[in-house]
Amino acid sequence: MTPEKMPTTDNLVDVFTLPVHPFSAMFPMLDDERLDEMAERIKQNGLIYPVALGKVALVEGEPPVLCVIDGRNRIEACKRAGVTPDYIVLADDEDLDAYIADMNFERRSLSKGQRAMLIAVGYPEQRTYPGQKSESRKAIVSKSISSARVSQARAVLRYCSHYVDLVIAGSMGLDAAYEEATRLKAEAQDRDLRIEKLRAEAPDLAALVGETLTLAAAEEAVRERHRQAECTLRETVQLVDDMDALIARMSGEQALVIAKRYVTKRDHFNTPVPEAAALWIAALDRLKDALREGTQGDAS
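Take the sequence shown: its position 82, counting from 1, is numbered 77 in this note's numbering, and each next residue is one higher.
What follows is the structure, given as structure tokens:
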């Protein structure tokens, strides 16, 4: 449908106070020098191309409101020139996303990296703009830049968003930003694996990560626990070895004295003392073997 030209002589709409369509707002403004030059031309020749307005739902569930679809630079130049800009109101069935893409991608000197980043910011993955048409997104991507470049830009948006404005402004190339995003993505995946391992080994420490502990500090605390457990186990094994060696050197009454010292349960004495000593020594051997196996398993 053809857009309708709306006169401004009756001040039907105050263009200067209207919100800007979020996708349109992503495109960088002209610098002050170029805006002043545009304002001077408007003073001399008037505004040749009217500002484009349209209705869009800025908040999910709320009714559409009139927004600036195209012409932010012209509005600012008119403001500096003291001129009230003419405007057109696009039809309700106008594809605003495609309109913004057509007006800006073709008219502006934007690199492919800038275009890809603008699309990524306007249409990040797993998030849609209220009222957006899926076929509109596909048309914008296929018309302006490859989907592979947009995917790279979305990776930058997700893993190093502080580079987004630099890429859009042209101060940083998309390739350089994507290289850093790839590195940070690998770090994030490694961190997820480390968190998962920490939860399995020490859920109490995992719960503190991000609150009172860093991930590295929590991992060091787990290693310290392992070191302390290993030290205790080795000391116990050595003690058992020493006791076993002592008993091996003893015979007769000396062995019975040692047995009586460590047999604390009264029912052990229901059998003859030599048999009780033999039971204790066998139990001691089993404990020693179990501790040794535990030490070897922990070391592996």
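Even glycine gets a Cβ: it sits at the ideal position worked out from N, Cα and C. Predicted, not measured: the structure shown is a model, and the values here were computed from it.
Looking at the DSSP output, V60 shares a beta bridge with V51. Comparing alpha-carbon positions, the option among Y44, S142, R220, G165 lying closest to S104 turns out to be G165.
With a 10 Å radius around the Cβ and a threshold of 16 neighbouring Cβ atoms, R220 comes out exposed. Remark: C-beta atoms of A111 and A148 approach each other more closely than 8 Å. When only Cα atoms are considered, A176 and A150 end up about 6 Å apart. Distance from L7 to C62 at the Cβ level is roughly 15 Å; contact not present, criterion being Cβ atoms closer than 8 Å. When C-alpha distances from R67 are compared across G56, D81, A224, the shortest belongs to D81. Rounded to whole angstroms, the Cβ separation of P17 and I163 is 14 Å, and the two are not in contact under 8 Å.
Here D88 is exposed. Its C-beta has fewer than 16 other C-beta atoms within 10 Å.
For A172, same chain residues with a beta-carbon under 6 Å away, outside a window of 5 residues either side, are V151, Y158, V162 in chain order. Taken through DSSP and simplified to helix, strand or coil, L208 comes out as strand. Taking the Cα positions, A143 is about 12 Å away from D170. In the DSSP assignment, D65 is bridged to A47. Straight-line spacing of the CA atoms in R36 and E55 works out to 40 Å.
By the neighbour-count criterion, in which 16 or more other beta carbons inside 10 Å mark a residue as buried, D160 falls on the exposed side.
In the structure shown, V15 falls within a strand segment according to DSSP collapsed to helix, strand and coil. Judged by beta-carbon spacing, I64 lies beyond the 8 Å limit of G41, meaning their Cβ atoms are not closer than that value. Take L113, set aside five residues on each side of it, and the residues of its chain with a beta-carbon closer than 7 Å to its own are M21, F22, I163, in chain order. The Cβ-Cβ distance between L193 and A224 does not fall below 8 Å.
Distance from the CA of Q39 to the CA of A72, rounded to the nearest whole angstrom, comes to 12 Å. Residue environment: L91 is assigned as buried (16 or more neighbouring CB atoms within 10 Å of its CB, all protein chains considered). The Cβ-Cβ distance between L203 and V217 does not fall below 8 Å.
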